[in-house]
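Peer 1: Per numbering that gives the first Met the number 0, the very first residue in the sequence shown carries number 0; after that it's consecutive.
Idealized CB from N, CA, C, for every residue including glycine.
No experiment lies behind these values; they were computed from the predicted model shown.
I'd like to ask some things about the structure below.
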Amino acid sequence: MNILIVGPSWVGDMVMAQTLFECLKQRHPQCEIDVLAPEWSRPILERMPQVRRALSFPLGHGALELATRRRIGKSLAGQYDQAILLPNSLKSALVPFFAGIPKRTGWRGEFRYGLLNDVRKLDKERHPLMIERFMALAHEPGAELPRPYPRPSLQIDPQSREAALAKFGLVLDRPVLALCPGAEFGEAKRWPSEHYAQVAEAKIREGWQVWLFGSKNDHAVGEEIRGRLIPGLREESTNLSGETSLAEAIDLLSCADSVVSNDSGLMHVAAALNRPLVAVYGSTSPGFTPPLADQVEVVRLGIECSPCFDRTCRFGHYNCLRQLLPQPVNEALQRLQGSPVEVQ
Numbered sequence: 000m001n002i003l004i005v006g007p008s009w010v011g012d013m014v015m016a017q018t019l020f021e022c023l024k025q026r027h028p029q030c031e032i033d034v035l036a037p038e039w040s041r042p043i044l045e046r047m048p049q050v051r052r053a054l055s056f057p058l059g060h061g062a063l064e065l066a067t068r069r070r071i072g073k074s075l076a077g078q079y080d081q082a083i084l085l086p087n088s089l090k091s092a093l094v095p096f097f098a099g100i101p102k103r104t105g106w107r108g109e110f111r112y113g114l115l116n117d118v119r120k121l122d123k124e125r126h127p128l129m130i131e132r133f134m135a136l137a138h139e140p141g142a143e144l145p146r147p148y149p150r151p152s153l154q155i156d157p158q159s160r161e162a163a164l165a166k167f168g169l170v171l172d173r174p175v176l177a178l179c180p181g182a183e184f185g186e187a188k189r190w191p192s193e194h195y196a197q198v199a200e201a202k203i204r205e206g207w208q209v210w211l212f213g214s215k216n217d218h219a220v221g222e223e224i225r226g227r228l229i230p231g232l233r234e235e236s237t238n239l240s241g242e243t244s245l246a247e248a249i250d251l252l253s254c255a256d257s258v259v260s261n262d263s264g265l266m267h268v269a270a271a272l273n274r275p276l277v278a279v280y281g282s283t284s285p286g287f288t289p290p291l292a293d294q295v296e297v298v299r300l301g302i303e304c305s306p307c308f309d310r311t312c313r314f315g316h317y318n319c320l321r322q323l324l325p326q327p328v329n330e331a332l333q334r335l336q337g338s339p340v341e342v343q
């Protein structure tokens, strides 16, 4: 049985999609799973043993380009028994339709009747977690999801990790605190840089080193965090934001002894690497997309107006994050240090 997954467009969602892949392997041990997704996701998919192939999808988020979707669909004709669509958009249903895949499964979305022939109606109360909504597509409609739920688990090649360490001149002679201060979603997910700097200072004074991770868009905030450290401490931090590829970031994150992250894609990557993780939530909720790992501490204030799920604060104050001071994060890190996790 060959199954084509049309993958999501965000790092965290792609990590969580591994729960679906594992459910499919549990139900159909001999099935082969290919994932059609943006090229940036290849490093994630290549670290998932359930996935046979990552198929690069060349169109950007939101682009229709009907002729290109038809061409891609025709190139996949006759290769798959089922397609499972994780996005709810009409556009995401076009390639499986043009490929003539016999069974095309997905949640009811943007007028996809006809494009899908196995259309599911989502009960949000029954499946409040995103992973439940992914996993349910591996089962018959209305079926109970088997517990315990699988968790994402990215596999690291030691040689690839050593190459990344050598490339950036990083040495594991002291414990590593990884900070992930960015969030592509928007400002309402970003814990203030001055708070991150205080957490970094505390760990450096304990003899740790600090690595900052993120995209090119996060490089400036990484420099701002480092700039708040006094000389002598600043040199114990390294801003990798925008310097690494996603593959290198994944490999280097696997070296971290602890991670502090906003609710972001890298938070889910750290959880899938089984790193001790402090997840800072503001405008969003761990009740929908929690980090899935054993050693996780979620820190949030839960003020009256959160979670709002807005990209920018409608009141302009961002108090759900600004009033969340470093102390509870430092305390969470101390609790996690009681159970060190070995680099695998």
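Which residues in the same chain have their Cβ closer than 6 Å to the Cβ of residue 114, if we skip the five residues on either side of it in sequence?
Peer 2: 92 and 96, listed in sequence order.
Peer 1: With residue 133 and residue 85 assumed to form a contact (beta carbons below 8 Å), what rounded beta-carbon distance in angstroms separates them?
Peer 2: Their Cβ separation, rounded to whole angstroms, is 6 Å, which keeps residue 133 and residue 85 in contact under 8 Å.
Peer 1: Do the segment 75-90 and the segment 3-16 touch if we need at least three Cβ pairs shorter than 8 Å?
Peer 2: Yes, the segment 75-90 is in contact with the segment 3-16.
Peer 1: Just how far apart, CA to CA, sit residue 20 and residue 147?
Peer 2: Their backbone Cα atoms lie some 15 Å apart in a straight line.
Peer 1: So for residue 332, helix, strand or coil by DSSP?
Peer 2: Residue 332 falls in the helix class under three-state DSSP.
Peer 1: Quick check on the burial criterion: 16 or more other C-beta atoms within 10 angstroms. Buried or exposed for residue 112?
Peer 2: Exposed.
Peer 1: Report all residues from its chain with a CB closer than 7 Å to the CB of residue 23; omit the five preceding and five following residues, and keep chain order.
Peer 2: For residue 23, where only same-chain residues beyond five positions count, the Cβ hits under 7 Å are 2, 30, 32 and 137.
Peer 1: Would residue 217 pass as a contact of residue 163 if the rule is Cβ separation under 8 Å?
Peer 2: No, they are not a contact pair.
Peer 1: Let me confirm a value: residue 213 is counted as buried when at least 16 other C-beta atoms fall within 10 Å, else exposed. Which label applies?
Peer 2: With 16 or more other Cβ atoms within 10 Å, it is buried.
Peer 1: Quickly, what does DSSP pair residue 118 with across the bridge? List them, please.
Peer 2: In the DSSP output, where bridge partners are listed per residue, residue 118 has 105.
Peer 1: Roughly how many angstroms lie between the CA atoms of residue 71 and residue 13, to the nearest whole one?
Peer 2: Distance between the alpha carbons of residue 71 and residue 13: 21 Å.
Peer 1: Could you tell me the distance, in whole angstroms, from the CA atom of residue 198 to the CA atom of residue 284?
Peer 2: Straight-line Cα distance between these residues: approximately 22 Å.
Peer 1: Report, in whole angstroms, the separation of the C-beta atoms of residue 155 and residue 192, which I expect to be a contact under 8 Å.
Peer 2: Their Cβ separation, rounded to whole angstroms, is 29 Å, which puts residue 155 and residue 192 out of contact at 8 Å.
Peer 1: Assuming the contact rule is C-beta atoms closer than 8 Å, residue 151 and residue 17 should be a hit. Round their C-beta distance to whole Å, please.
Peer 2: Right, the Cβ-Cβ distance comes to about 4 Å (below 8 Å), so this counts as a contact.
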